[in-house]
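Trainee:
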Amino acid sequence: MARILRDYPAEVKLFAVLVLISAGLAATAPGFLTLSNLTALLNNSSVNVIWAAGLLVVLIAGGIDISFAVAASVVQYLCVYAFEAVGGGNWAIGFAFAIAFGTALGFVNAALIHWFGIITIVVTIATFNAFFGLLMFITSGRFIYDLPAWWTRRIILWERQAADGSWAEIILPVGIMVLCLAATWILIRHTSTGRQLYAFGDNPEGARRIGISPGAMVFIAFGWCGAMAGIAGLMQVNIVREVVPNALIGRELDVLAAVVLGGARLGGGRGSVTGCVLGVLLVAVTQNGLNLLGISPYAFKMVIGAIILIAISTSGVALVRGRRGAAP
Amino acid sequence: MTRRRLWLGQRLGQWLGPEVVWLLGFLAVVIAGFALLTPRFLTAANFGSVAYQLPELGLLTLAMLIPIVSGGLNLAIIYTANMAGLTLAWVLNAHGGPEAGVLWAVLGTAAAVGVGALSGLIMGLVIAFTGAHPILVSLSMMIFLRGLGEFLTRGGDISGFPDYLKPIGHGAVLGVPVPLILFLIAAFAWHVLLSRTRHGFAVYMIGSNIEAARYSGINTRRTLTLIYTLSGVMAALAGVLMLTRFNSVRVGHGEALLLVTVLACFLGGVDPFGGFGKVVPVVIALVILQVLSSGLNLLGANQHLSTAVWGLFLIAVMIIRFAAREWRRRRKD
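Protein chains in written order, with this note's numbering: chain A, -6 to 321; chain B, 91 to 423.
1) Of all Cβ atoms in chain B, is any one closer than 8 Å to the Cβ of leucine 52 of chain A?
2) Name the one or two DSSP bridge partners that alanine 161 of chain A has.
3) Short of 6 Å in beta carbon distance, which residues of its chain neighbour phenylalanine 412 of chain B, apart from the five on each side in sequence? Order them along the chain.
4) Where does valine 79 of chain A sit, in a helix, a strand or coil, going by DSSP?
5) Which value, in whole angstroms, describes the spacing of the CA atoms of valine 252 of chain A and histidine 343 of chain B?
6) What are the start and end residues of each continuous alpha helix (DSSP H) run of 4 or more residues lying completely inside the region 237 to 322 of chain B, in chain order?
7) Where alanine 279 of chain B and leucine 320 of chain B are concerned, what is the direct C-alpha to C-alpha distance, given to the nearest angstrom?
8) Could you give the DSSP three-state label for isoleucine 57 of chain A: helix, strand or coil?
9) Tell me, to the nearest whole angstrom, how far the beta carbon of leucine 165 of chain B is from that of leucine 229 of chain B; I am working on the premise that it is less than 8 Å.
10) According to DSSP, which residues form a beta bridge with isoleucine 137 of chain A?
11) In this structure, what does DSSP give as the bridge partners for valine 339 of chain B?
12) Which residues, in order along the region 363 to 378 of chain B, keep a beta-carbon less than 9 Å from a beta-carbon of chain A?
13) Contact between the region 236 to 243 of chain B and the region 171 to 189 of chain B is defined here as three or more beta-carbon pairs at a separation below 8 Å; is this criterion met?
14) Taking 8 Å as the CB-CB limit, is phenylalanine 136 of chain A close to chain B?
15) Tell me, to the nearest whole angstrom, how far the beta carbon of leucine 174 of chain A is from that of valine 270 of chain A; I am working on the premise that it is less than 8 Å.
16) Of all the options A/Ile43, A/Val116 and A/Ala9, which has the alpha carbon lying nearest to the alpha carbon of phenylalanine 403 of chain B?
17) Say whether chain A places a C-beta atom closer than 8 Å to the C-beta of isoleucine 390 of chain B.
18) Is the CB-CB distance between leucine 302 of chain A and histidine 223 of chain B below 8 Å?
19) Between A/Asn284, A/Ala304, A/Gly255 and A/Leu227, which lies nearest to serine 39 of chain A when the distance is taken from Cα to Cα?
20) Give the secondary structure of leucine 389 of chain B by DSSP, where H, G and I count as helix, E and B as strand, and everything else as coil.
21) Are the C-beta atoms of isoleucine 121 of chain B and some chain A residue less than 8 Å apart?
22) Alpha carbon to alpha carbon, how far is isoleucine 224 of chain A from isoleucine 148 of chain A? Give it in angstroms, no decimals.
23) Could you give the C-beta distance for leucine 255 of chain B and leucine 331 of chain B, rounded to a whole number, given that I count them as a contact under 8 Å?
24) Just reading off the alpha helix (DSSP H) that leucine 176 of chain B is part of, what are its end residues?
25) Closer than 8 Å, Cβ to Cβ, to anything on chain B: give me those residues from the region 99 to 124 of chain A, in chain order.
26) Following the continuous alpha helix (DSSP H) through glycine 282 of chain A, name the residue where it begins and the one where it ends.
27) For methionine 173 of chain B, decide whether its Cβ has a neighbour in chain A, counting only Cβ atoms nearer than 8 Å.
28) Please report the residue range of the alpha helix (DSSP H) in which threonine 201 of chain A lies.
29) Quick one: which chain A residues come within Cβ less than 7 Å of arginine 244 of chain B?
30) Is the shortest distance between the beta-carbon of phenylalanine 130 of chain A and the beta-carbons of chain B less than 8 Å?
31) Output yes if chain A places a C-beta closer than 8 Å to the C-beta of tryptophan 400 of chain B; else output no.
32) Between phenylalanine 408 of chain B and phenylalanine 356 of chain B, is the Cβ-Cβ spacing less than 8 Å?
33) Compare the beta carbon distance of leucine 150 of chain B and alanine 346 of chain B with 8 Å and say whether it is the shorter of the two.
34) If contact means a Cβ-Cβ distance below 9 Å, which residues of the region 232 to 260 of chain B contact chain A?
35) What does isoleucine 305 of chain A touch in chain B if you count any residue whose Cβ is under 9 Å from its own?
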């Protein structure tokens, strides 16, 4: 127990806060602690969690990415055209295309960062605008509803009727989310590549000197993030059954905030899958709770911004162990 | 003839720095290019609109400049400007709207600057005392301010201001637009601050190596706090100017400018890792970008195409800077 507290302080604190908020909501908002609300929360969070898993790897490797949500929109459009080209496709082809397109977009970021030595935030601000501008310009902002049937069919993995007659169900994206989390966990915790990512994120120069290839690390991290963005894009279409070019823009900040809440650090070398799931859940539960309590949706962003600001100021205070340093 | 021009170029280079000569050359190329592409480009009306549009982007870029030189970033500048604009708007609306007295406009502007300074101060304190990353701190401040603004305005605009504010956004003194004069004063102040004061020196030191700066006796915490406070003040002034330019305030107004301010800093030779960067080249970079933007407008590019162009242009600038660095390094070896 003491070991968990020492090694995962952010995760433990976050879990405690999540339990407190959930308990508070269970007491004040009658609809919160019902099976259907909790499963809906899980279904609606699945896309964000998949993104968060990808972003986690980038943050561990010492980078930052704000282009992934827009990249997911680009992948959706590329997929629509690719599926038409292959005559409809199916789930296997769908995943293959989404992962391939997403990874390719991630590699664009990686190439600019590694080959031209550009600072990661600047690269992803640039690609964020380039991807979004080109997407809106080329598609003219057109929505697409005419999608392959397999893609938009609701696949229910588990369902159950509650006593009041409402159905609680878990849909396919949640299953995919679990697989993505498992894959990310194996990558960062159980492969030597994962250990190298942590080492590279914590100290790039030191990692280079013990023989870790910086190029490989940057491409693996951004490739992984891109692949997750692609999968998340594919899943989001499965949930909403339409492709809209500006549907996902803006969500990158919520996900980034959630992952950072979960203990990942800008500057690299720290972060866990558990923390990133808890972070997304905390943001989702807060939003859900504010909704159920009838608080204006406009207040939501303000509350989230304040929570992150408080979280990073206090986590810094508690985590400083003889280490100081402000600017990057 | 060529020899003489080279000599002049070198003298200019010694006086203002080599990047200024490159940027002026690039500006000439951009102007010549658009002049060939569209006859409406080389007109007084076009340059007039450039002169009126440049200052708001310019003030925001100055707000971005000092944090970047110190090795950080302030992503909250646009929403700080919006919140400052809203503050002035509320003060005016609470005291008669279009009939509000000059005193209220002055007090409102002071309150607006206070709001900007406060948001910068909070960011600066968090960055200085917890060691949290400036990107993260300013990002959460940005999310918070946007949420706060949307919560308070419900996403709508606020308008209806006294007429005497109009000349600040649209007037001219001896043919020089008032906003441009304000911007030049602000740029000069920033130039003096960075190149002639203790604080400016400390900003460069922190940007180069914060630990070394601390060990050499610079109060890094106070400097960092002041950096973000000043950035907030400058963003607030941009917000007040935007209010007078558009005669309305809305949260999210000028969102797209965030990328352009970063672009202007890097085009102007500011080191993205901090420690180097001057005001004069950044001002020339701003002129280039504003000319480019008006040229694209005249050519009929839509808003999304411009967004894409800015993104691609930022990548191109960074690649060219990388190539120049490599070339210089090879020549030295």
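We put the beta carbon where it would ideally sit given N, CA and C, even for glycine. Predicted model only: the values in this text are computed from it and were never measured.
Mentor: A quick look at the data gives this:
1) no
2) For alanine 161 of chain A, which the question treats as bridged, DSSP gives the partners A/Arg153.
3) none
4) coil
5) Distance between the alpha carbons of valine 252 of chain A and histidine 343 of chain B is about 28 Å.
6) 256 to 260, 268 to 286, 288 to 298 and 300 to 305
7) 12 Å
8) coil
9) Contact holds; Cβ gap of about 5 Å.
10) Under DSSP, isoleucine 137 of chain A shares a beta bridge with A/Val236.
11) B/Ile248
12) For chain A, the residues of the region 363 to 378 of chain B that bring a beta carbon within less than 9 Å of one of its beta carbons are Phe363 and Gly364, in chain order.
13) As far as the Cβ criterion goes, the region 236 to 243 of chain B touches the region 171 to 189 of chain B, which means the pair count is three or higher.
14) So no, phenylalanine 136 of chain A is outside the interface.
15) The Cβ separation is near 7 Å, so the contact holds.
16) A/Val116
17) With the sequence shown as reference, residue 390 of chain B is identified as glycine, and isoleucine is not the correct amino acid for it. Taking a beta-carbon distance threshold of 8 Å, glycine 390 of chain B does not count as an interface residue toward chain A.
18) no
19) The shortest C-alpha separation from serine 39 of chain A is found at A/Leu227.
20) coil
21) Under the 8 Å criterion on CB atoms, isoleucine 121 of chain B is classed as non-interfacial with respect to chain A.
22) Across the structure, isoleucine 148 of chain A and isoleucine 224 of chain A are spaced so that their CA atoms are roughly 16 Å apart.
23) Contact doesn't hold; Cβ gap of about 10 Å is too wide.
24) 167 to 184
25) Leu105, Phe109, Gly110, Ile111, Ile112, Ile114, Val115, Val116, Ile118, Ala119, Thr120, Phe121, Asn122, Ala123 and Phe124
26) 266 to 285
27) no
28) According to the sequence provided, residue 201 of chain A is arginine. The question's threonine does not apply to it. Where arginine 201 of chain A is concerned, the enclosing alpha helix (DSSP H) stretches over 197 to 202.
29) By Cβ distance, chain A contributes Tyr291.
30) yes
31) For tryptophan 400 of chain B, the answer is yes, since a Cβ of chain A falls inside 8 Å of its Cβ.
32) For the sequence presented, residue 408 of chain B should be read as methionine rather than phenylalanine. With a cutoff of 8 Å on beta-carbon distance, methionine 408 of chain B and phenylalanine 356 of chain B are scored as near each other.
33) no
34) Met232, Ile233, Phe234, Leu235, Arg236, Gly237, Leu238, Gly239, Glu240, Phe241, Leu242, Thr243, Arg244 and Gly245
35) Val216, Thr220, Ala222, His223, Leu226, Val227 and Ser230
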